[in-house]
Every structure is written in structure tokens, then in C-alpha cells.
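Reading through the C-alpha cells given below for one structure.
Residue numbers (the working numbering), protein chains in the order written: chain R, 1 to 686; chain Z, 687 to 1038.
Structure, rendered in C-alpha cells:
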């Protein structure tokens, strides 16, 4: 947990006939990070297994199933360890299944499309009817409705009873509305509304169906008969039918849920198996493969290979050092932390992958992040709201992957906010219980009582101490990393090495003494010499030491400064360059570490802003009530104020904590050049 | 803070973030590989095109999905416009007028089809975009107008009243809407050019580069269509050209207007300018118009790269966003349409 997982390298050769079973075993174990054997030794006459075409086809059908499941609002099933029935026949069956469902869905969509046409025609008619209803009624009355109004053509007439359905069917091609007024023995009296621009076509339709004009009823009657409610009702019914068809499309998929899920599992299983087999290299009768395995899983992998091959296999294990030295391959990096810490591992991975064998900073990031967040967002009530949000997110089945980790992070932050809220006695900006540490609100408001923390300056000092601690920890981690990578010289001279740490500690000591004297005098003499001058001078030895202990040896052997004259000129130039570099580095260390440390004051700044905002909202709420108490409006202001603070301050605190970790902490020791460990497992190539 | 930085500081960050979130090239390949529209909209749904997916799942209508994409396209430019002030805002507004003009032309075409040519327009009218851009134009009134005068009346107090009313006679005589549409386009480019001239130097250069690109596209498309498809005379063709182009001078355009294969003339005229822009690669087997468009598409890509790689606080970022968003949405639209009409995979790929 403190370091990246130690790995071992496996080289294996097994009989060709066991390839199928072996790939299945390795997939189920899901711990082998495959390495193409040919990358290591091109001399072997190896032939890669041809899986491309089959895999492509499987992936294509698998994606179609995923799309079909999405149409049915169904999540992807878990890839449980089911036995495969395997092979091309399954792909064909799956393809047929998606085709059948696809056709069902498509026919429903076609019907939806037809309804949409009808809806659009009705909508157009509605626009005209609305125009008629709003402005045109009076004008229509004055002008006589038979003349129509605006773009509407209204007329009454009769159609033979046996023709009425056909007549209506034909009218569906237009924005038209027919209202049955009454039926006689052989005819139906109809009020017909169409658009003027279709007048000639509709007239032809009327003629063909034996339409006979009637005098239009009284305008008021028409208004009661045909207004927009009828169009609305028709529209509503068409939309309902359309929605129903949409639901039927969902059901059409859901009816095949089990078959689809089973087909998906089958295909995905096969696809992953082919992924494994794409790393199998063939000789005449054997298959060879290689890859990295976390040390604790090496035994399980060996057992699995022996089991799958009946012991007919050749296995050879190599250590990480052996491989990286002899074959110059990168050892993949695996961060292995408890599930609870995954949100913080996500933050680390987001920054980069640590180099193999170095510190896995997840635990330390968790601690630093939570302390920073808690100090900036210290309110138990606000924390509780975040906690509810975080837990709801984690309980939702729809939230997966990185978003899930994000909700995990919110939950952790909530716990931190609650803890610091209790320490500072802050509950939704109020002090419901006495603080366990100090009253942040009272300190910010300037009426803190007795105690170690009485002013804003004391809060700022706390955050500077936090900064010194975090940066100091960064130094230590850097030394550990450098030692583990065998860079002893750099432990002394690195930008975050021993000498720089000495300078940093000296600077802190000088600043502390300066502050103790009431910002009047700096320490003098031996103190200053030992704290700053000596480490600064030692830093001057960096370049010569690097040259002597090998860093430049290679360059000199290559011929730079090969002649005596050239060498003497090179030494002079190097000396000048070394002094210049030293001065620059001193300047960089002084300004860099000073700003790094002061940067932590933002923690106090945001904490103070949090308190100040809450105080302001309470003041506004009091002013809104007028009588010094709290009314409904005041409560509303407080609720909105709290929501605003939770949203904005929560986001700010989260971002600033991340920033401090990335820029002030990681920059001291993190070397993000590692290759991610990506085994092929049932969860995919992680 | 300088005026230029002040003017674009928020917008620059916002648009760059949006550009960073555009669909990846890989995704387009996946999209084009979809077997059905259903599959394609599911893939789009996962990429934030929920509105498009919802529209399809409710209506089954690809043309309505296309309308959603069009709405997005208009919305993206209008949003950029809202973040700007003064002459910069006026220029972006002038660019965005394009959507208003396109809607207007569609409405007038529908009316013309129905009232003058006596054709049924029921299947088209529903897809008329009524998305408001800058001015309130009652497109339904235009489609249902009783006469030309009614249409002109609807456009009162808009910059479109004069071009429409002044070309009515010609339209009636020729029985074609060309003169009216070309006049609307020419006025549009003139307004853009006027707005560009009011901009500070750095912004003006970007604005004029966009206008040149759009004018070249417009002129090339017009000349090829007018000669190859409509067989118009040289005078009619040249009368329909818009100002502001850079790649084709008036002599080239006149020569193309006389030529049998105007597209080839134009591509030849592009010469080295088309190099690297895909003219020869993308359009070798394509029709003439596609050939020219491919060449000018290369120029658009070059402009986008230059603007995004250059000084960040300037009009170029807004215009780059406009060009890349438009391209993305039109590609999505093209793929959906190709799938809906059951075109072969290679045709779908070509739509990219």
C-alpha cells in the first residue's frame, strides 16, 4: 500500500493444443499484464495468433447488443464467470437476435413517424385555429364565416354515410379537422376546417366523395363545436399513442432481456479470450506468452497454467530488476489500495502514474486532502448535506466508474467537514454545541475568548504549519523514492534533496526567530551561517559532485572535451556555468519554497470566507425580518444561503485541496512516468 | 487588462472548453459503422446528444433530429454573441443572420411551391425551422400568404423587406426565386463586411478571413449549380455572386460561368491554395461541386488551426468554434440521414 505493487515477469511455453483452455483460465484470473514476446526477442521465429477478424466481428455484434439494451433502458449485465458455448455460431445467433429486435423496434418507429406527420399537421391547424379564436372571431362574424378567416377555410356539408371513412382517411393528408354535426339516414353532416392554401386539392376530395354544401351554422355554434380543444384532444391522443409506441419499443427489447444479456456475456467473454490469445505467439507445436504478474498472484498464475495444461508447460519467472536491467522493459505500475481509498487513488492516477517501485501516495493524499478540505469547509451541517448527497450517489446503480469514485470522494469530504465542524462548533453557520478545538466563527468575527487561537493571524499560522508539514513530508518521500531507485547522489543534491531540505528548515527557523522578535531583527552570526549559508554553499558542490560521481562521465567518454586544450576550456566554462546554475537554483529554492509554504494560507482564506459568507447570510436574514427575529422570508434566505455556500464553497475547497496536493506536495517527490498495469480480465482491459 | 483581453476573457475559456469536448474522430467512425439509426442515436445519447436521441425515440423522425442539431448550431453562435459587446457583438450577429435568411428562403420557397406552382407542401412545411434568431418573423404567415404583397408586409422593419420587394417583379417574370435569394445572400455578405470593417485590426482580419471563406463557398456553389444544373446565362450567374471572396477573382468566376465544367475551372484556379486541403485526395472521384467544397474545406481547417493556435483573445476563437461546431453537427446530421435512407457503408463514410 505504501509502495507500488512488486511484480514478477512470467515467460511460458505450452503445447498448442492447450491454448483455448489456457486463455480461459488466464482470463478468469485476470491478473496478467501481457507483453508481446516478440518485443523482447525478435530472433524467435514466432507467429502471432490470427484473432483480428473474429474479434472485430464479435466486437461489432457486441456493440449492437449494447445499443439494443440501451434502447430498452437496460444496463449492461455483470460479466459473471459463465461457461462459454463459444464460436462463430453464437455470433450468428446474436446477430439474428438483434436483427429481430431491430425490426420490431423499427416498425414501431415507423408508426411513430407516421403519427408525427399527423401531429405536425394538427399543430399547424391548431396555430390557425388559435388565430381564429383570438383575433378572428369578431372579424369572422362580421365577414361571414363562409369566407373563412385568416388562412382557415371553414365550411359545412354532407357526405354519404358509406363514403365518410374514406373521406376522412383522405383528409389526413392535409392539416384538416372534420367535426360531425349529426347523421341523417344516408348522409353525415360535417363541419370541415382546412387551410386555404389546400383549397383546390380539398375541393377535389370533397367532389369525389359526394360532398354537398350546407349553409354554415351560426358562428357561435361553430365556435362551440370546433375550437382548439378538439384539435388539442386529437393532438393529445396522437401524442399519447406515440408515447405508447415508444414504450412498446422499450418493451420489445425488455422481452428479450435474458437472451440479450446471455448473448452479450457470451460475446464479451469470447472477445476477451481473443484479447488474451492475441498475445499468444506460436512456434511449430507450442504457444509462448509472457507478462507481468503482481508478486502475490504469481503462485495462482503458475497453478492455473499447470492446471490448464496438465503440467505440460515450461514456466520461467524473472524478477523486476532482472527484466528492467537485461531487457530494458518498463515494469507496469499497480496501485493497490483498499476499496475505501479508491477515490484518492483516482486523484493520484489523474495526476500521473508513479514510477515503478516508488511511493504510492494514496494514503498520504487522503490524509492531506481531507485535512485541507475540512479546514476550508468546517461545518457539520453542511457536511451532513454532502454526506447525504454522497451516499445517494453511491447507492445509485446508474452511477459507475469514475463518477462513482467522485461520489466516494464527496462522502469522504463530508465526513471531514463534519469532523472539523464539530471541532469548531459550526452547524449550518450556528453554534449548536460548544467547539472541541476553537470557535472559528468567533475568531473571524473578532470576539474570540481565551484560548490558543484568538485571531485570524493564529488561523493563518495554523495553515502555514500545515504547509510546512506537507512540504516536509514531500521531502521525506522524495528521499525514499530516490533511494529505492538507487539515486544516492540525488538524495543529497536533488531539488527536494537533503541540502534543499536543510535550507528550507533553516529558512523556517530564521523566519520563526524573526517573528518571535516582533518582526524587528533577524538571527545573526552562527545561527544564520549554519541555517542558510552553509547549505547554500554545499549546494555549490552539486555540479562538481555530479561530474565526479558519474553523471558526466559518459559525456566525457563520448568525446566532449577530448583534447587537452578543449578540456581546459571545458572546465573553465563548466565552472562558470556551475556558479550560474547555483545562483539560479538558490533563487528558485528561496522563492519557490516560500511561495509553496505561503500557498497554504489559502486554506485559512477559504475557511474564513466560508464563515464570513454564513455570517453575512445571517445578517441579511435578520434584516429581512426587521424585528430582530426570523420570519419565513429569513428562513428562505438562510436556506438559499446555505445551499449557495455548500455548492460554491464546497467546489472551491475541493479544487483548492487538489491544487495544493498536486502543486505543493506532488511536485516534491512524484515522478509520474510509470506504465499503468493493465491486466486482461473479465472487467475488460482495465 | 487590455480591451481585447477584456472582451474575450470569459468567452475564450468557455469556447475552448467546448471545442475540447467535441466529438472525437474515432467516434465518427463508430457512428458511421452503426447498422441502424437506432444504434446511431444511442451512441449519440452517450455523447451528450440526449435531445437528439429523445426526439428520435419519441417521434422516430430523423428530420426532427436534424432540426434539433440545427437548433444546437444556431444556439451555439447566439450564445457566443451574447457574451460579446459593441461592434464585436454586431459582427457575430451579422454572421448569425444567415440562419434567419435560410429560414426565410425556405418559407418563401414553400409558399412559391404551393401558391405559384400549385404543389403540395404538407410534408415539408412541418420541418420549417421557426427557431427565433434576431427578429420576429412570422414564417407561417409567409407560407400561407395570399400574395407577394402579404409576404413583403410580413417582413416590414427587417433588412429583408427591401431585397424581397425589389425583386418581386423579376421573380414573377422569370418564374424562379433565384434573383430574390441571391439578393438576400448578397445583402447578407455586405452587412457582414460592413460589420467586419468596424472591428479592431486583429478581429477584423479574422472576420474578413471567415467572410472570404464563406463567400468563396457560396460563389463556387452558386456558379456550379447555376451553370451545371440550371443552365443560366453568364450575366445571370455573375449577377448572383456575393462580395468578399478571396480565392476566386471576378475573372475566374466569369470564366467558370462560361465553362462547360465550372467546378474544374474553379479547382484549377485554387491551384496551390488547395494543396494539403484535400482537394485532390478527397475529391478525386467526387463530383465537381464536392471537389471545390473539399478544397475550401481544407482552407476552413487551416483557418481553424491558425485561430486556435494563435493569440487567444480575439474573434478568431469565436469563428473557429462556429466553424468546428457547424462541421460536427452537419456530419452527425449527414450520418443520420445516410443511415435512415439505408445508404451503403461507404456512402455513410463519405458523409464524414
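Here a beta-carbon is modelled for each residue, glycine too, at the ideal position from N, C-alpha and C.
Please say whether residue j and residue i have beta carbons closer to each other than 9 Å?
i, j, result
"residue 123(R)", "residue 812(Z)", "yes"
"residue 11(R)", "residue 37(R)", "yes"
"residue 649(R)", "residue 609(R)", "yes"
"residue 808(Z)", "residue 121(R)", "yes"
"residue 281(R)", "residue 49(R)", "yes"
"residue 26(R)", "residue 301(R)", "yes"
"residue 376(R)", "residue 574(R)", "no"
"residue 637(R)", "residue 620(R)", "yes"
"residue 13(R)", "residue 313(R)", "yes"
"residue 770(Z)", "residue 1007(Z)", "no"
"residue 953(Z)", "residue 978(Z)", "yes"
"residue 499(R)", "residue 468(R)", "no"
Could you say which of the options lies nearest to residue i if we only look at CA atoms?
i, options, result
"residue 154(R)", "199(R), 502(R), 2(R), 58(R)", "199(R)"
"residue 287(R)", "301(R), 305(R), 104(R), 177(R)", "305(R)"
"residue 311(R)", "631(R), 325(R), 15(R)", "15(R)"
"residue 422(R)", "411(R), 259(R), 440(R)", "440(R)"
"residue 918(Z)", "946(Z), 838(Z), 893(Z), 827(Z)", "946(Z)"
"residue 67(R)", "212(R), 232(R), 261(R)", "261(R)"
"residue 1024(Z)", "722(Z), 704(Z), 713(Z), 706(Z)", "722(Z)"
"residue 402(R)", "576(R), 595(R), 342(R)", "342(R)"
"residue 882(Z)", "728(Z), 762(Z), 708(Z), 773(Z)", "773(Z)"
"residue 7(R)", "23(R), 34(R), 18(R), 13(R)", "34(R)"
"residue 179(R)", "618(R), 194(R), 322(R)", "194(R)"
"residue 368(R)", "603(R), 182(R), 580(R), 535(R)", "603(R)"
How would you write the range of the beta strand (DSSP E) that residue i sits in, first residue to last?
i, result
"residue 520(R)", "Counting along the chain, residue 520(R) falls outside any beta strand (DSSP E), and DSSP gives it neither H nor E."
"residue 326(R)", "Run containing residue 326(R): none in the beta strand (DSSP E); it sits in the alpha helix (DSSP H), 320-326."
"residue 212(R)", "212-214"
What residues are listed by DSSP as bridge partners for residue i?
i, result
"residue 291(R)", "10(R), 34(R)"
"residue 286(R)", "15(R)"
"residue 160(R)", "187(R)"
"residue 169(R)", "Partner(s): none; residue 169(R) has no beta bridge."
"residue 194(R)", "153(R)"
"residue 177(R)", "193(R)"
"residue 230(R)", "In the DSSP output, where bridge partners are listed per residue, residue 230(R) has none listed."
"residue 317(R)", "10(R)"
"residue 427(R)", "430(R)"
"residue 359(R)", "3(R)"
With residue i as the anchor, note down where its alpha helix (DSSP H) starts and where it stops.
i, result
"residue 679(Z)", "Missing from the structure shown is residue 679(Z); chain Z here goes from 687 to 1038 and no further."
"residue 268(R)", "257-277"
"residue 413(R)", "401-424"
"residue 736(Z)", "736-745"
"residue 700(Z)", "689-706"
"residue 209(R)", "Segment: none, residue 209(R) is in no alpha helix (DSSP H) and carries neither H nor E."
"residue 761(Z)", "748-768"
"residue 382(R)", "380-395"
Counting only beta-carbon separations shorter than 9 Å, does residue i have a partner in chain R?
i, result
"residue 737(Z)", "no"
"residue 723(Z)", "yes"
"residue 1062(Z)", "Lying before the first or after the last residue shown, residue 1062(Z) is absent from chain Z, which here runs from 687 to 1038."
"residue 921(Z)", "no"
"residue 1060(Z)", "With chain Z represented from 687 up to 1038, any question about residue 1060(Z) goes unanswered, as that position is not in the structure."
"residue 959(Z)", "Any reading at residue 959(Z) needs caution, since the residue's pLDDT is 47, under 50, leaving its predicted position unreliable; the model's value is listed next. Cβ-Cβ to chain R under 9 Å: no for residue 959(Z)."
"residue 935(Z)", "no"
"residue 808(Z)", "yes"
"residue 690(Z)", "no"
"residue 829(Z)", "yes"
For a contact meaning CB atoms closer than 7 Å, what does residue i contact in chain A?
i, result
"residue 120(R)", "Reference to chain A is not applicable here, since the protein chains of this structure are R and Z."
9 Å is my cut-off, CB to CB: does residue i come that close to chain Z?
i, result
"residue 244(R)", "no"
"residue 145(R)", "Because the pLDDT of residue 145(R) is 42, which lies under 50, any placement of that residue in the model is unreliable, and the number read from its coordinates should be weighed accordingly. By this cut-off, residue 145(R) is not an interface position."
"residue 105(R)", "yes"
"residue 401(R)", "no"
"residue 552(R)", "Here the model assigns residue 552(R) a pLDDT of 49, short of 50, so the residue's position is not dependable and the matter cannot be decided."
"residue 32(R)", "no"
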